[in-house]
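Beneath this line is the structure, given in structure tokens, with notes to follow.
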DNA sequence: TTGTACGCGTTATCAG
DNA sequence: CTGATAACGCGTACAA
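Residue numbers (the working numbering), protein chains in the order written: chain A, 1 to 356; chain B, 1001 to 1356.
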């Protein structure tokens, strides 16, 4: 595009040398007040703004970070990314955003273009399998922070939530309401998040002495459509479950759609708990009981930890450790009780009294 | 970070000159098959990957575009941005994403950092007021495409939807159901989108001979909280409306929250139509009747139009014109009829028969 | 067909 | 305090 003014032009206009102009504008070294004025005036007059590309070439710093997540389209990721961006913006960093859709090839591709673009750091949510390239990058090539999921055998600061505990709470809640045929719709196999939520599910059942039935475990691949199918299968069983734990937000949509199409009432016929608590959970029919992750905070933290690495401010050892945030169970109205009325707490001015 | 291999190193290893190596890797000029092999082998051996920064400095092209929208956190924007990213990624462009929160200062700030970073092009959703900087950029400094909203007096390709028509449809729908006290919760004053939706609202009422009442027009600033307050005010009126048209998605949440807290039934007591149709609209209580915009497509188009400018492929005149997409009204269950039963179509196996 | 040399716009060092 | 000057890594006109 039409030539931006350069430092050289500023210097000429100010009647000083290039080096001089650079010094006052960069505010380093020595210069007199009088030349300072000459230079700043000239810069203002020309509307000078430094060329970041040239600077990057010299300093090897781009003030840019790369963010690679699975899909910006879901609530968890948008809020997390917003957290990153807000913090990054304040710190003068730009963020390049990429979606992997949880496909290793996409990850590989974006990772390498990001690396070639000399980003100062990377915040990544790793896809399952094939972490060779990621591990190579982590070998000191570029500062790296993982979010949402870790990678086995990769010691890199990871910001995640306690998925197992979250799932455990959710399923425990269901059990305490009297359910004993509790299904789970799982996420992508081998994705850490998915596995951990499954473990939480299993653990809760075990602790309460409820047998784990294979037929109640259905794959949803974290996708709405797959969850729809999984739910339909659940409904077709001779003894279908009385409750379903759905391991992420998009799958809740699929599950509920199948339930509604099947004429199943929530929570009268089947109870539902979801993982992830989007704003609209309260407005759903019925309001969704869900496990809430502090995704915005996770974004903030991810950037903090990355910046610590970038600026080598790792005086504080904590920036090398993982952080595992506790999710909370938000109880609304999508879970019904299987107990007789006197077993549950008294209702509070609500007609559907014994659903909580 | 630890030194990446440079073209010079490749050249040395291949036993050729720097210029030679550059030619074969850049695939231009002349070179023999034998040197070609030597160079490519050396490059592979060293795991060479070109330094994009250095290249950018030379070519003045960064293969990066800037995207500046109001808030990635809302459904409309995530899907639109996903459209941009998908198309941009395929074309080898990275996208830097910024949120203005509809504040002019933020816009100004991000616009200038984006410009300083020498992005090859910009996709912007302009905030209201203070377009001086944007206009300056549009004066040939950088390829620019506007999304969602235009700027008066700025002739730049703009991808938007027909907000007026969308709002008109929504309100017409309400009127045909027998409503005549229809409120609107508006967006940010002076934002084109907001204004156009208001015009659609007004036009529909006028065409049907229904008077426009100032008290039924409430400001929501496109924000959930403000819509909550606005709705409460509506409810406190001596004669409150029987229907509300809410001009964007986040405000629907606020509106519905206020309605539920106020013990108002939807659609029995008050009908609601929203602008923007997120996936979860179907799962709301009740399922939301809403105006659906093709936001993903808008993102795709925005990038196409930008790329046309960037690569000067503006042989096709169409890339200079605005595109205005038609939204569609999706009718679900949040609007009730005020007509007597024989005026409406027969129900189809649904107990709440005359709500549509 | 190949090598040389310059420039892109900064930053930063070294004489003066 | 100031001016020249050397990188940074790549693209490319020009000479050989």
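Quick reminder that beta carbons are idealized off the backbone N, C-alpha and C, glycines included.
Length of the line joining the Cα atoms of residue 366/A and residue 256/A: Any answer about residue 366/A is impossible in this case: the structure gives chain A only from 1 up to 356.
At the 8 angstroms Cβ level, is residue 99/A part of the contact set with chain B, yes or no? Using a CB distance cut-off of 8 angstroms, residue 99/A counts as an interface residue toward chain B.
At the level of alpha carbons, what is the spacing between residue 158/A and residue 302/A? When rounded, the separation of the alpha-carbon atoms in residue 158/A and residue 302/A is 8 angstroms.
Does DSSP classify residue 275/A as helix, strand or coil? When DSSP states are grouped into helix, strand and coil, residue 275/A belongs to the strand group.
Mind listing the chain A neighbours of residue 1283/B? Cutoff is C-beta to C-beta under 7 angstroms, in chain order. Correct list: 253, 256, 284, 285.
So, at 7 angstroms on beta carbons, what are the nonlocal neighbours of residue 75/A in its own chain, with the 5 sequence-adjacent residues on each side left out? For residue 75/A, where only same-chain residues beyond five positions count, the Cβ hits under 7 angstroms are 249, 276, 278.
Have a look at residue 1206/B and residue 184/A and give me their C-alpha separation to the nearest angstrom. If you take the alpha carbons of residue 1206/B and residue 184/A, they lie about 53 angstroms apart.
In chain B, which residues lie less than 7 angstroms from residue 56/A when you measure between Cβ atoms? Going along chain B in sequence order, the residues near residue 56/A (Cβ under 7 angstroms) are 1053.
Coarse secondary structure for residue 121/A, derived from DSSP in three states: Three-state DSSP puts residue 121/A in a strand.
With a threshold of 6 angstroms on Cβ separation, who are the neighbours of residue 1325/B within its own chain once the five nearest residues in sequence on each side are excluded? Residues 1161, 1294 of the same chain have their beta carbon placed closer than 6 angstroms to that of residue 1325/B, with the five preceding and five following residues left out of the count.
Going straight from the alpha carbon of residue 1254/B to that of residue 142/A, what length do you get? Their backbone Cα atoms lie some 43 angstroms apart in a straight line.
Give me the Cα-Cα distance between residue 101/A and residue 1194/B, rounded to the nearest whole angstrom. Residue 101/A and residue 1194/B: Cα-Cα distance of roughly 33 angstroms.
At a Cβ threshold of 8 angstroms, is residue 341/A touching chain B? Only weak support is given to the placement of residue 341/A: the predicted model assigns it a pLDDT of 43, under 50, and the question is left unresolved by the model.
Report buried or exposed for residue 1196/B, applying the criterion of at least 16 other Cβ atoms within 10 angstroms of its Cβ. Residue burial annotation: residue 1196/B is buried, with at least 16 other C-beta atoms found within 10 angstroms of its C-beta.
Tell me the start and end of each unbroken beta strand (DSSP E) in the segment 1201-1265 of chain B that is at least 3 residues and wholly inside, in chain order. At a cut-off of 3 residues, the continuous stretches assigned as beta strand (DSSP E) that sit fully inside the segment 1201-1265 of chain B are 1217-1219, 1243-1246.
Tell me which same chain residues have a C-beta within less than 8 angstroms of the C-beta of residue 173/A, skipping the five on either side of it? For residue 173/A, where only same-chain residues beyond five positions count, the Cβ hits under 8 angstroms are 273, 289, 329, 331, 335.
For chain A, check one thing: does any of its Cβ atoms lie closer than 8 angstroms to the Cβ of residue 1346/B? Low confidence applies to residue 1346/B: its pLDDT is 38, below 50, so where it sits in the model is not reliable enough to give any reading.
So, does the CB of residue 85/A fall closer than 8 angstroms to a CB anywhere in chain B? Yes - at least one Cβ of chain B is within 8 angstroms of the one on residue 85/A.
According to the neighbour-count rule (16 or more other Cβ atoms, all chains shown, within 10 Å of its Cβ), is residue 1047/B buried or exposed? Here residue 1047/B is exposed, its C-beta having fewer than 16 other C-beta atoms within 10 Å.
At least three beta-carbon pairs within less than 8 angstroms, the segment 82-94 of chain A to the segment 102-117 of chain A: Per the Cβ contact rule, the segment 82-94 of chain A is not in contact with the segment 102-117 of chain A (fewer than 3 Cβ pairs under 8 angstroms).
Since residue 94/A and residue 1117/B should fall inside the 8 angstroms C-beta cutoff, what is the C-beta to C-beta distance between them, to a whole number of angstroms? Contact between residue 94/A and residue 1117/B holds: CB atoms are separated by about 6 angstroms, below the 8 angstroms threshold.
In this structure, does DSSP put residue 156/A in helix, strand or coil? Residue 156/A sits in coil when the DSSP states are folded into three classes, being neither helix nor strand.
Using 8 angstroms for Cβ pairs, my map puts residue 1040/B next to residue 1052/B. What's the rounded Cβ distance? Not a contact, Cβ separation roughly 19 angstroms.
Would you identify the three-state DSSP class for residue 1018/B, choosing helix, strand or coil? DSSP, reduced to helix, strand and coil, places residue 1018/B within a helical segment of the structure shown.
Could you check whether the Cβ of residue 116/A sits closer than 8 angstroms to any Cβ belonging to chain B? At a cut-off of 8 angstroms between beta-carbon atoms, residue 116/A makes contact with chain B.
Environment of residue 1271/B [buried if 16+ CB atoms lie within 10 Å]: Its Cβ being crowded by 16 or more others within 10 Å, residue 1271/B is buried.
Would you mind reading off the limits of the alpha helix (DSSP H) that contains residue 1088/B? Start and end: 1075-1090.
Does DSSP put residue 1184/B in a helix, a strand or coil? DSSP, read as helix, strand or coil, puts residue 1184/B in strand.
Could you check if residue 1240/B is buried or exposed, using at least 16 other CB atoms within 10 Å of its CB as the buried criterion? With 16 or more neighbouring CB atoms inside 10 Å of its own CB, residue 1240/B falls in the buried class.
Should the segment 124-132 of chain A be called in touch with the segment 1060-1068 of chain B, which here means at least 3 C-beta pairs below 8 angstroms? Touching, no, given that fewer than three Cβ pairs across the two stretches are closer than 8 angstroms.
Partners in chain B for residue 96/A, counting only beta-carbon separations shorter than 9 angstroms: The answer, in chain order, is 1064, 1094, 1095, 1096, 1097.
Which of the three DSSP states is assigned to residue 289/A in this structure? Strand at residue 289/A.
Residue 19/A burial status per 10 Å Cβ neighbour count (16 or more: buried): That one is exposed.
Distance between beta carbons of residue 1171/B and residue 1245/B, contact taken as under 8 angstroms: Taking the Cβ atoms as the reference, residue 1245/B lies roughly 6 angstroms from residue 1171/B, within the contact range of under 8 angstroms.
Tell me which residue opens and which closes the beta strand (DSSP E) that residue 1096/B is part of. Counting along the chain, the unbroken beta strand (DSSP E) around residue 1096/B starts and ends at 1094-1099.
Rounding to the nearest angstrom, what Cα-Cα distance links residue 1106/B and residue 1220/B in this structure? Whole-angstrom Cα-Cα distance: 21 angstroms.
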